[in-house]
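Engineer:
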Amino acid sequence: MLKTVKDFVNHGDLRRFRFWLQLLLFILFIYGGYAAIQLGDNLPTFSCTYVDGKPGTCFLVPLQHRMVTTPEKLFSYAGMAILTGLFYFTLWFLVFNKAWCGYACPLGTIQDWITALRKKLGFQYVTYSWEQFKKLKKIKYALLLLLIFIPMGIGSGIFSHDMGVPFCMICPARTILPIFSGDFSQLTIDFSSKTKMIMTSLGMLITGIFLVGAFVKKRFFCFFCPMSALHYLLSKPALLKLKKDGSKCTKCGDCYSVCDMQIKDIADDVESRNILRDDCIMCFKCVSACPEEGALEVDFMGQPIFEATVQGYIKRMQKGNKSG
Amino acid sequence: MDNELPVEEKKVAFNRTHQAIEAERMLRRIKDDFPDNPDAMDYFYDLYEQVYCEGRPLYDTEKVVGTMCVQVPDELIYAAGGVPVRLCNGFYADDQVGAEFMPAKSCSLVKATLGMLDNKSTLPFVNKVKDVVLPATCDQKRKAGSMISEMGYEVHNMEVPPVKESEEARLYWRRSVHNFAASLKEITGKKITKTSLKEALAMVAEAQKAYRTLHALRKEAPSIFLGKDAFMVTNAYFFDKIENWTAAVNKLNAELEQRKEEKFSAAQRRAPRILFTGSPPIFPNIKLPVLIEQSGGVIVADETCSSNRMLYDMVAVDEWNVESMVASIADNYLKPCTCPIFTKNDDRKRKLIHMAKEFGVDGVVYQAFSGCQVYQMEHSSIAKALQAEGIPMLFVESDYSPDDMGQLSTRIEAFIESLKAKRRRKR
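Going down the list, the protein sequences come from chains A and B.
Just so it is clear: in the first sequence, position 17 is 16 by numbering that gives the first Met the number 0, and no numbers are missing.
Just so it is clear: in the second sequence, position 263 is 262 by numbering that gives the first Met the number 0, and no numbers are missing.
1. State the Cα-Cα distance for the pair asparagine 320 (chain A) and tyrosine 255 (chain A), rounded to the nearest angstrom.
2. Going by DSSP, what residue range makes up the alpha helix (DSSP H) through histidine 353 (chain B)?
3. Comparing the C-beta of tryptophan 172 (chain B) with each C-beta of chain A, is any distance below 8 Å?
4. Closer than 8 Å is the cut-off here; do at least three beta carbon pairs connect the segment 350-358 of chain B with the segment 323-334 of chain B?
5. With 8 Å set as the bound, which would you pick, yes or no: does the beta-carbon of valine 316 (chain B) sit closer than that to a beta-carbon of chain A?
6. Given that a residue counts as buried once 16 or more other Cβ atoms are within 10 Å of its Cβ, and exposed if not, what is arginine 211 (chain B)?
7. If we define contact as Cβ-Cβ less than 8 Å, is lysine 243 (chain A) a contact residue for chain B?
8. Going by DSSP in three states, alanine 237 (chain A) sits in which element: helix, strand or coil?
9. Find the residues of chain B that neighbour methionine 331 (chain A), judging by a C-beta separation of less than 9 Å, and give them in chain order.
10. If you count every other CB in all the chains shown that lies within 10 Å of the CB of phenylalanine 122 (chain A), and 16 or more means buried, which is it?
11. When you compare only the Cα positions, how much space is there between glycine 226 (chain B) and aspartate 268 (chain A)?
12. Could you tell me whether any non-hydrogen atom of the ligand FMN is closer than 7 Å to the CB of valine 125 (chain B)?
13. Any Cβ of chain B within less than 8 Å of the Cβ of methionine 286 (chain A)?
14. Would you verify that the beta carbon of tryptophan 244 (chain B) is, or is not, closer than 8 Å to some beta carbon of chain A?
15. Bridge partners for isoleucine 298 (chain B) per DSSP, in chain order?
16. Which of helix, strand or coil does DSSP assign to tyrosine 124 (chain A)?
17. Which residues of chain B have a Cβ atom closer than 9 Å to the Cβ of serine 246 (chain A), listed in chain order?
18. What residues match up with leucine 133 (chain B) in a beta bridge as DSSP calls it?
19. With contact counted as at least three CB pairs below 8 Å, one residue from each stretch, are the segment 399-407 of chain B and the segment 88-98 of chain B in contact?
20. Answer with buried or exposed for valine 132 (chain B), where buried requires no fewer than 16 other C-beta atoms within 10 angstroms of its C-beta.
21. Considering only C-alpha positions, which residue in the set A:Phe223, A:Lys134, A:Gly252, A:Asn41 is nearest to cysteine 170 (chain A)?
22. Kindly list the residues whose CB is nearer than 6 Å to the CB of threonine 108 (chain A), restricted to its own chain and excluding five residues on each side of it in sequence; keep chain order.
23. What is the DSSP secondary structure of glycine 362 (chain B), counted as helix, strand or coil?
24. Using 8 Å as the limit for Cβ to Cβ distance, is asparagine 331 (chain B) near chain A?
25. Just curious, the beta strand (DSSP E) that glutamine 185 (chain A) is in, first and last residue?
26. Run the CB neighbour count on phenylalanine 305 (chain A), radius 10 Å, all protein chains shown included, and call it buried at 16 or more, exposed below.
27. For tryptophan 129 (chain A), which residues in chain B fall below 8 Å Cβ to Cβ?
28. Name the two residues that bound the continuous alpha helix (DSSP H) containing aspartate 117 (chain B).
29. For a contact meaning CB atoms closer than 9 Å, what does lysine 334 (chain B) contact in chain A?
30. Go through its chain and collect everything with a Cβ distance to alanine 266 (chain B)'s Cβ below 6 Å, but skip five positions before and after it.
31. Which class does serine 182 (chain B) belong to by DSSP, given the choice of helix, strand or coil?
32. Any contact of the segment 94-110 of chain A with the segment 169-189 of chain A, i.e. 3+ C-beta pairs under 8 Å?
33. Which of the three DSSP states is assigned to aspartate 298 (chain A) in this structure?
34. Quick check for students: name the residue ranges of the beta strand (DSSP E) that lie wholly in the segment 98-156 of chain A, counting only runs of 3 or more.
35. Checking 8 Å against the spacing of the C-beta atoms, do phenylalanine 238 (chain B) and phenylalanine 100 (chain B) come in under that value?
36. Are the segment 69-77 of chain B and the segment 181-196 of chain B touching, with three or more C-beta to C-beta distances below 8 Å?
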């Protein structure tokens, strides 16, 4: 019985499963609020606060708000609020780890849809060179630091209050996601002050870059996402894990070939057991493209829930070849 | 006097050559010295009989493209409307002819391949070859290129990086493969298209799927299949029509499944299980595998470029357009390759150790052709890695000449005996 279930999962069509789950979660994170779903303010994904029907709020919003404070307050009650928020954020995060990116994030899903459109139109995607990759991947940490320190600067009077929630101002989720509930109001430049004008212009510019970028590069934005950086800092104790058994790996590079995030370690590192890297979005395409029994696996609380198998690999490739 | 005869007159029917006799002799040993060969092996025995003994042609109007190493992607040749045939050769008679091209202490395989290509009456599928794709792998293959081109063949070099771990190597090789894919149009007259490449990928994947099933069936203990037959099967992939080959392997797999259910034993129940690695056994030079199995061992797995290394690793594609398919193919032909020409051999060690465990191996036999420096140089590091895991290894230096048979069989028998003794001590 257990074996039948296992085989069903391991030989299943991950692409289809992921497509439907992503669609379902997209609907949840855009319209869930209308169905009175409330998941709180500390979600580890872009459940954008500017969306009317949001079922909860992206943790980066309260984080930026709460950081607008003075250092004295930060080490008293304001600090407590931040820690409580971080606690709930961590609880949410620890269960699903970075699968929030690969399955739940509405902005991620949109990028996958743009990729699907590009594929249909027959355009080839671009990749970064290894040098570019190494440099660009640091940007997300810089953004994470900025979205913490700029609000602190506001609190200390260094920056204007018009700089409030600085990351949201440049985040493409703010401009794009509300469109899905018919709200185009974020697609404007705010001329009420110089700072706001600069920030919203920057937001518009980045939205444009996002749309073009996602068309030519798979999961273009995730590379720079400060949420992804924050995730990675907390990912070690998470319950959902991506594991590799290097002794079974032939380094054939099939996993790397299908990786949207160009993570080389997935193929080349045969030492690490935990093979999650900071750019990983836990989409598990690598596991589904691995032809070595058990070389890659998805674990939940130490139990394998999705393993690489030859049979599953062959089935999925045959299907891809026929429909791709 | 002989030299003055026009070339055409030197041509003799293949079945009257030394090669045909050599092939006949080995085929008899493989077939007749062993009882209980699977019925499905008849396809392969007959194939060798027809091609290697009788010299009957396999191909008619197809554009046959010769390849010299496992790094040449078959998928691309099929996609361009050609048929790849591996030219690596195992005839002692050709080895002797080839000696005039290479220093005396060179690798038999390279010499035999040169001798075969120089020969005017050779294997029927080789006779049709005009284009030879030669990846710049070891020194000897590399230098053989210019000699082959002097013989009148069109040689297409593929540049192989000497290091395979770096990003530079990946990009360099991707470019080599990309250029090769583009140049195939000049060889076959057909351009690779998305559809043709997808079909080629599916066809090769089907063959690999059949191979993997066979490979997995060899894990059975006691063994249901002998290694000498496994080498015959994979070696046939060098030249057989791929769809026929796949069908024949699937038929063999079905028979072996039957054997598995019947708890059939192809060798003695307690026969030491051997993992074969190193220089590739290529028909008719199957003498070492045959000696091992005649001495009471059974080869359950191998790590050689005439078998596992050629067929095991399968290409995965994310987006099925020509560019990404070619990139995936390129990575797959370089990154997992355990050819000893590369600087490091960590992958080979890991693969051997994993295979030894997976297949319940008692000992490893490492064949190195005399003159194959790279395999000889890797010998001690592989021996050490295996020793650390408690896996005994026998290093055998050999060539294509039949002279060392006596000496070899003594050493192999001793090794097999020692493995048996070790097993008894364990119990």
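By construction, the Cβ of each residue, glycine as well, lies at the ideal position given by its N, Cα and C atoms.
Structural biologist: Let's see:
1. Sequence index remark: in the first sequence, residue 320 (chain A) carries index 321 (1-based). Sequence index remark: in the first sequence, residue 255 (chain A) carries index 256 (1-based). If you take the alpha carbons of asparagine 320 (chain A) and tyrosine 255 (chain A), they lie about 18 Å apart.
2. The residue labelled residue 353 (chain B) in the question sits at position 354 within the second sequence. Its alpha helix (DSSP H) spans residues 345-357.
3. Stepping through the second sequence from its first residue, residue 172 (chain B) is reached at position 173. Tryptophan 172 (chain B) does not count as touching chain A.
4. no
5. Position 317 of the second sequence, counting from 1, holds the residue named residue 316 (chain B). With 8 Å as the cut-off, valine 316 (chain B) counts as an interface residue toward chain A.
6. Taking the second sequence and counting its residues from 1, one reaches residue 211 (chain B) at position 212. Buried, by the Cβ-count rule.
7. Residue 243 (chain A) sits at position 244 when you count from the first residue of the first sequence. No, because no Cβ of chain B sits closer than 8 Å to the Cβ of lysine 243 (chain A).
8. Translated into positions along the first sequence, residue 237 (chain A) becomes position 238. Reduced to three states, the DSSP call for alanine 237 (chain A) is coil.
9. This structure cannot settle anything about residue 331 (chain A), because the visible part of chain A is limited to 0 through 323.
10. Looking up residue 122 (chain A) in the first sequence gives position 123. Under this definition phenylalanine 122 (chain A) is an exposed residue.
11. The sequence position of residue 226 (chain B) within the second sequence is 227, counting from 1. The sequence position of residue 268 (chain A) within the first sequence is 269, counting from 1. Glycine 226 (chain B) and aspartate 268 (chain A): Cα-Cα distance of roughly 32 Å.
12. Among the ligands in the structure shown, none appear at all, so the ligand FMN cannot be discussed.
13. Residue mapping note: residue 286 (chain A) aligns to position 287 of the first sequence, counting from 1. Checking the sequence, you will find valine at residue 286 (chain A) rather than methionine. Cβ-Cβ to chain B under 8 Å: no for valine 286 (chain A).
14. By 1-based counting over the second sequence, the position of residue 244 (chain B) is 245. So, not an interface residue.
15. For the purposes of this step, residue 298 (chain B) is taken as the residue at position 299 of the second sequence. BP columns for isoleucine 298 (chain B) point to B:Ile273.
16. On the first sequence, residue 124 (chain A) is found 125 positions in, with the first residue counted as 1. Coil.
17. Here residue 246 (chain A) corresponds to residue number 247 of the first sequence, with the count starting at 1. Those within 9 Å of serine 246 (chain A) in chain B are Arg349, Ile352, His353, Lys356.
18. Here residue 133 (chain B) refers to the residue found at position 134 when the second sequence is read from its first residue. Leucine 133 (chain B) is bridged to B:Asn156.
19. yes
20. Counted from its first residue, the second sequence places residue 132 (chain B) at position 133. Looking at its Cβ environment, which holds 16 or more other Cβ atoms inside 10 Å, valine 132 (chain B) is buried.
21. Within the first sequence, the letter at position 171 stands for residue 170 (chain A). Ranking the options by Cα distance to cysteine 170 (chain A), first place goes to A:Phe223.
22. Numbered from 1 along the first sequence, position 109 holds the residue referred to as residue 108 (chain A). Counting only Cβ-Cβ distances below 6 Å, and skipping sequence neighbours, we find Gln21, Phe25.
23. In the second sequence, the residue the question calls residue 362 (chain B) occupies position 363. Strand at glycine 362 (chain B).
24. Numbered from 1 along the second sequence, position 332 holds the residue referred to as residue 331 (chain B). It does; some Cβ of chain A falls within 8 Å.
25. Counting from one through the first sequence, the residue named residue 185 (chain A) turns up at place 186. Where glutamine 185 (chain A) is concerned, there is no enclosing beta strand (DSSP E), given that its DSSP letter is neither H nor E.
26. Taking the first sequence and counting its residues from 1, one reaches residue 305 (chain A) at position 306. Classification for phenylalanine 305 (chain A): buried.
27. If you number the first sequence from 1, residue 129 (chain A) lands on position 130. Glu166, listed in chain order.
28. Numbered from 1 along the second sequence, position 118 holds the residue referred to as residue 117 (chain B). Residues 107-117.
29. Here the question's residue 334 (chain B) lines up with position 335 in the second sequence. By Cβ distance, chain A contributes Thr249, Lys250, Cys251, Gly252, Tyr255, Ala266, Asp267.
30. Reading the second sequence from its first residue, position 267 is the one you call residue 266 (chain B). Contacts found: Ser222, Val297.
31. For the purposes of this step, residue 182 (chain B) is taken as residue 183 along the second sequence, with counting starting at 1. Serine 182 (chain B) falls in the helix class under three-state DSSP.
32. yes
33. As a working mapping, residue 298 (chain A) is identified with position 299 in the first sequence. DSSP places aspartate 298 (chain A) in strand when its eight states are reduced to three.
34. none
35. The residue labelled residue 238 (chain B) in the question sits at position 239 within the second sequence. The residue labelled residue 100 (chain B) in the question sits at position 101 within the second sequence. Contact flag unset, no.
36. yes
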